[in-house]
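4 protein chains.
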Amino acid sequence: MPEKMKALQKTFPQPGAEIKEIPIPEVKPGLVLVKVEVAAICGSDQAVYRWPKHIAAKTSPPFTMGHEYCGMVVDVGSNVQNFSVGDRVVGETHVPCGNCYMCRGGTQHLCINMKSVGKTYDGCFAEYILVPESCLIKVHKNINPSLGAIMEPLGVAVHALQKTNPCGETLAVLGCGPIGLMTIAVSKQMGAHIVFATSRSDAKLNMAQKMGADYQFNSRQDSVVEAVKAATNDEGVDTVIEASGSKEAFIEGLEILKRHGKFCLLGIPTEPVLFDADLFLIRKELNITGVWGRKMYSTWMLVDQLIASGKLNVNPLIGDVYRIEDYASAFEEAASGTVQRIFLSPG
Amino acid sequence: MPEKMKALQKTFPQPGAEIKEIPIPEVKPGLVLVKVEVAAICGSDQAVYRWPKHIAAKTSPPFTMGHEYCGMVVDVGSNVQNFSVGDRVVGETHVPCGNCYMCRGGTQHLCINMKSVGKTYDGCFAEYILVPESCLIKVHKNINPSLGAIMEPLGVAVHALQKTNPCGETLAVLGCGPIGLMTIAVSKQMGAHIVFATSRSDAKLNMAQKMGADYQFNSRQDSVVEAVKAATNDEGVDTVIEASGSKEAFIEGLEILKRHGKFCLLGIPTEPVLFDADLFLIRKELNITGVWGRKMYSTWMLVDQLIASGKLNVNPLIGDVYRIEDYASAFEEAASGTVQRIFLSPG
Amino acid sequence: MPEKMKALQKTFPQPGAEIKEIPIPEVKPGLVLVKVEVAAICGSDQAVYRWPKHIAAKTSPPFTMGHEYCGMVVDVGSNVQNFSVGDRVVGETHVPCGNCYMCRGGTQHLCINMKSVGKTYDGCFAEYILVPESCLIKVHKNINPSLGAIMEPLGVAVHALQKTNPCGETLAVLGCGPIGLMTIAVSKQMGAHIVFATSRSDAKLNMAQKMGADYQFNSRQDSVVEAVKAATNDEGVDTVIEASGSKEAFIEGLEILKRHGKFCLLGIPTEPVLFDADLFLIRKELNITGVWGRKMYSTWMLVDQLIASGKLNVNPLIGDVYRIEDYASAFEEAASGTVQRIFLSPG
Amino acid sequence: MPEKMKALQKTFPQPGAEIKEIPIPEVKPGLVLVKVEVAAICGSDQAVYRWPKHIAAKTSPPFTMGHEYCGMVVDVGSNVQNFSVGDRVVGETHVPCGNCYMCRGGTQHLCINMKSVGKTYDGCFAEYILVPESCLIKVHKNINPSLGAIMEPLGVAVHALQKTNPCGETLAVLGCGPIGLMTIAVSKQMGAHIVFATSRSDAKLNMAQKMGADYQFNSRQDSVVEAVKAATNDEGVDTVIEASGSKEAFIEGLEILKRHGKFCLLGIPTEPVLFDADLFLIRKELNITGVWGRKMYSTWMLVDQLIASGKLNVNPLIGDVYRIEDYASAFEEAASGTVQRIFLSPG
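Residue numbers (my numbering), protein chains in the order written: chain A, 1425 to 1771; chain B, 1425 to 1771; chain C, 1425 to 1771; chain D, 1425 to 1771.
And the structure:
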């Protein structure tokens, strides 16, 4: 076992990142050391890399970046009960305390003392990562590691669908980034009746169709509200999953919902939203919520089943793997508007 | 049986109303004629009377005003199955079509073809009112008619609590108008653990305490957010019922909620609300909704049980009864900031 | 318009039935006259026909048999609001009163004053049937009438799945009569992960496979409990739908469920069931329920969507159509163990 | 710190138990040593003591008995995060593995590898008990230790009410042992509208009235079914909590429920139950379930709030405290038909 490893770290409060040689962390009681096979670049990694003001305001370097990964267990601390050397694992980003009223109440994914891998806890853009066993999920020995690494964002899509349960219903997914596209694929697998996809990009709408969307509307050209109403006999849809982060799409989503409809926010808005609470909450009695991460662990269990079924095809969303040293090119491609997840291989 | 009756009508698109002599309506198949004993003045009647711009824009005189009432059945049309002359009844404001997808889906209180008593359907500020049997609820022969007449707004409070189920939880009720105060009383009856009340008026907060609130905060003097956090060990509350219609209170409500908390809007906001969707929907995963009227009829059944129990004391909220001819004074008192419902007696 | 029509009636308290010439009923307020195109023979019609002791004890001839049908509206009474001559319709078997606490509470399918078409209300094995508009559902003009006629039993399957929500879960359907087979097809459409089918007939299990079952076990040859446990890594299934009516299958269903699992009874048991309440209710915390008919009308709306989607293929379950005069042969084939619905055409 | 302690152990496969001097267990990582202040005698301890056949068949001496206790933390192992010396704590009986699909799915109270304090894990009828920190709940410093020790059985009552949510509903509690009586008290606190209590003992029914029951029926003298129907206008009740373990009461409970009603089993039946699944599951669509222990930890959190409210008065159910050496007399009194919990003090 070597003593040092490469890690892509955020070391300074400015755009960019750098490769550092750092010690491989030592196992302690309750912790597991994982050799990272492949790690995916998420939008939030991109934000840490680009360093916009709202990220800079709440992020404190230095730390190792990255939080979506698949790897092999190479060492376990004392008191670890459920993992052994040689297990293939994927990682949950959130590290809950296990003791606060949110954790004890069955909502540890909303722990009030949460740490976050790749931000407030050293991440997976490194040869090794050391995490509590509660943040690991065992996967099949022969899973494609890139598919394993996107189980985390896939879990966000699944979590939104667990909350809204679109089975037999009409659903609109607003925004076709990777998680929006996963939402479309999973919703059809979960029995959604008709799925509308919207995006500002025809390339993304083409992918939406491949993922199973029944209708695609380009929100640059079409009025999404009119188009959805026209296609639903003026009724609107049962459920909206907002996956774009746009405040205009947020309002469109509220408008295309039927009365009593369900709205779930996935896309992270960068600006406050101005909305007509009388119309949407009282006169339409909408149910508005959002998702933060994944239910620990019912979402992971469902993600695992969906993949095991062999019917969920998210392979078109799996993109190129770059060596960790080529991180600059990888971040460039990930920011290029591609619908695919881009990966780093630290090995 | 006389042929004419007095009715307080909105006859012109300006502030005010007038007493008219009009024909007593004739029963038809499916309809029931009710002699009104007493009718209550709701905030929405007040708005029709005062005629602010946002009401003027969507209201079309002439029509008989009023929608909260208690009375006696005096005639029934053919095909009426469940009411007989001599029944004491109270009225549901909303007249659903019974056939649209909302009605058939078990949500007729959100009918897409809804008519509204006292606005788009002749109301109860009159000696008689003619309504479909589906808009009547039988009550005990010897109920106090004024109590009967406020079962409709009481139903709004109960509906909000049916949605949020505060049993064993901490609850904040923002705003202490009549419906806010009813919400407090009912929530304690339904097992709420700790109830916070906020208002800008000490008189209303005194009444909130009588209704069972455990803490009262005057939002003119106190920071509601700090006061609630201080009283909850910095955790916040499980549920917020916003009953003031203020956009500032709306945001305060979101801030004092625990993660995963429940927010229900009762108070009608007159302005759009600007809110941080990332913080409240994603990072806190709040559940935000509102209520429109009452569930037909599970809310009415629960209201009936709560009153029958003898333990719900809303009598302090029952105010003066005016003769219908004295409507101007009645509307004056109702607008004076009183916490009591004010009544008109058309007999 | 003729004055007389043929009707297959149960006229005597013994096995059998007879064709009678009877007056075509006259429309009255609220009622709709439907010309029956095709009607299906349900297990409960078979029971009325065969007249076993437990049916004889609670059934009072004379009445026109039959309750699953598709037809055209040919006349409407005054006060009918939602149907016009020329509409194609299918019929709900249950005629609720609309007024009792079950009806007003949103559960009119469990009305305490229920009448039942084809048993306590004249049925559809006739050229015409006269029913309240609340018992009709409009369908597409060009639906195959036989498919229309089986929307009622399909609704029973859908109702059981609405209650158990097998999306993403493992499900066992015990018994592969027509409704069991429909349950399999719908559950896969609704996103069930793995579906087990059991039956005592290989022919039915072959059909189960066509309907989408992942595993088929012949309960004559296999131990269902061992086979399901073996296929689920000894965990068992999330949900069981018991569609056989066998008391042995009932217990098998409880045994193959995971802790906290969901059990829904569809098949009508003819004998009391003896079960270990300590094991199944306390130590396993199972949730046990059943279904009676269909939710009025959320089930019908979902059935309509499932058919409209074009992906639900229940055509293999649609069997022969007999002239009503040939009812004896039709009842014979329906009792022969076929997996198909058999139809009568009264025209 | 001494090295030895007294413990009441089941050491032989026959009726009875004996006091032994045994080593005080040593703390290890993740474990907490608690000095027991007081421990309560549960029905299941009584069964271990009396040694009936069905207990003998599945219980393996030797072990220290007892599982309901309140005490003080006196030592903590490494890696214990949430407890410190001097904390006052109460104990959860069930020791889940934390890793199986039940645990990871949010139902660790139904862990498939569960150990049970006082049966398969050394119990609290001893001066000290050593348990994982996940089995401890911190309570207020100045709680009455006897009240602390009955939070565990109180949790069973609360769990049943969390499942059935009797707020605003009519409820029957069948059987008035300590947990049945707690169920009555908590249900009124949670907003149950009318509560019926049944028992074969007038003394227990008197206590039921003190706990808040609205009606008491002695099932030796009255027909429970007729009495409940008479008192509910022939409608029956919304919810039944069966707390007697009698198979006759089980059936009575199903009979007195309204259609669509909720049944929850608390009392442990010693014989199989024979029931009419067609009537109760299909024609009445009842929902039948039971409870095993407490939700970890939402039940504990609600128990804590109910006690903190100061309105839940279960003090009448707190009985005598015996020295551990006088266990024979304590078990005698606990078996005497008293409605009170009887305690052992090992100190």
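Backbone N, C-alpha and C fix where the C-beta goes; we use that ideal spot for every residue, glycine too.
Return the first residue and the last residue of the alpha helix (DSSP H) that residue i is part of.
| i | result |
| --- | --- |
| residue 1725 of chain D | 1722-1732 |
| residue 1591 of chain D | Counting along the chain, residue 1591 of chain D falls outside any alpha helix (DSSP H), and DSSP gives it neither H nor E. |
| residue 1604 of chain B | 1602-1613 |
| residue 1630 of chain B | 1626-1635 |
| residue 1643 of chain B | Neither: residue 1643 of chain B is in no alpha helix (DSSP H) and is coded neither H nor E. |
| residue 1699 of chain A | Segment 1697-1699 is the beta strand (DSSP E) holding residue 1699 of chain A; no alpha helix (DSSP H) there. |
Under the three-state reduction of DSSP, which class applies to residue i: helix, strand or coil?
| i | result |
| --- | --- |
| residue 1704 of chain B | helix |
| residue 1763 of chain D | coil |
| residue 1508 of chain A | coil |
| residue 1442 of chain B | strand |
| residue 1524 of chain B | coil |
| residue 1648 of chain D | helix |
| residue 1559 of chain D | helix |
| residue 1499 of chain B | strand |
| residue 1740 of chain D | helix |
| residue 1674 of chain D | helix |
| residue 1770 of chain D | coil |
| residue 1579 of chain B | helix |
| residue 1543 of chain B | coil |
| residue 1516 of chain C | coil |
| residue 1481 of chain B | coil |
Please state if the CB of residue j and the CB of residue i are separated by a distance shorter than 7 Å.
| i | j | result |
| --- | --- | --- |
| residue 1769 of chain B | residue 1462 of chain B | yes |
| residue 1522 of chain C | residue 1455 of chain C | no |
| residue 1683 of chain A | residue 1526 of chain B | yes |
| residue 1584 of chain D | residue 1692 of chain D | no |
| residue 1621 of chain A | residue 1608 of chain A | yes |
| residue 1579 of chain D | residue 1668 of chain D | no |
| residue 1594 of chain B | residue 1662 of chain B | yes |
| residue 1588 of chain B | residue 1688 of chain B | yes |
| residue 1751 of chain B | residue 1432 of chain B | yes |
| residue 1465 of chain A | residue 1758 of chain A | yes |
Considering residue i, what are the terminal residues of the beta strand (DSSP E) in which it resides?
| i | result |
| --- | --- |
| residue 1520 of chain C | Residue 1520 of chain C -> no beta strand (DSSP E), and no H or E assigned at all. |
| residue 1429 of chain A | 1428-1434 |
| residue 1684 of chain A | 1681-1689 |
| residue 1472 of chain C | Run containing residue 1472 of chain C: none in the beta strand (DSSP E); it sits in the alpha helix (DSSP H), 1467-1474. |
| residue 1458 of chain C | 1455-1464 |
| residue 1666 of chain A | 1661-1666 |
| residue 1618 of chain D | 1618-1623 |
For residue i, go through chain G and note every residue whose CB falls closer than 7 Å to its CB, in chain order.
| i | result |
| --- | --- |
| residue 1733 of chain D | Any reference to chain G falls outside this structure, whose protein chains are A, B, C and D. |
Q. At a Cβ cut of 8 Å, what residues of the region 1515-1528 of chain C count as close to chain B, listed as they run along the chain?
A. 1521, 1522, 1523, 1525 and 1528
Quiz item: Does the region 1727-1744 of chain D come within contact of the region 1721-1734 of chain C, defined as at least 3 CB pairs closer than 8 Å?
Solution: no
Quick check: the region 1442-1454 of chain C against the region 1471-1484 of chain C, are at least 3 beta-carbon pairs closer than 8 Å? Using a C-beta cut-off of 8 Å, the region 1471-1484 of chain C makes no contact with the region 1442-1454 of chain C, since fewer than three inter-stretch Cβ pairs fall below that distance.
What residues in the region 1696-1720 of chain D bring their beta carbon closer than 7 Å to a beta carbon of chain C?
-> 1696, 1697, 1698, 1699, 1700, 1701, 1702, 1705, 1706, 1707, 1709, 1710, 1711, 1712, 1713, 1714, 1715 and 1716
- Listed in chain order, which residues of the region 1482-1505 of chain D have Cβ atoms closer than 8 Å to some Cβ of chain A? 1502, 1503 and 1505
Margin query: Under 7 Å, CB to CB, which of the residues in the region 1433-1462 of chain D have a partner in chain A?
Written below: 1453 and 1454
Query raised in the report: So does the region 1511-1527 of chain D actually touch the region 1559-1573 of chain D, counting three or more Cβ pairs closer than 8 Å?
Result: yes
**Contact the region 1541-1549 of chain C vs the region 1491-1500 of chain C: 3+ CB pairs below 8 Å** = yes
For this session: Taking 8 Å as the threshold, find out whether the region 1614-1630 of chain B comes into contact with the region 1642-1651 of chain B through three or more Cβ pairs.
Result: yes
Give, in chain order, every residue of the region 1637-1653 of chain B whose Cβ lies closer than 8 Å to some Cβ of chain A.
-> Against chain A - using a Cβ distance shorter than 8 Å - the region 1637-1653 of chain B contributes no residues.
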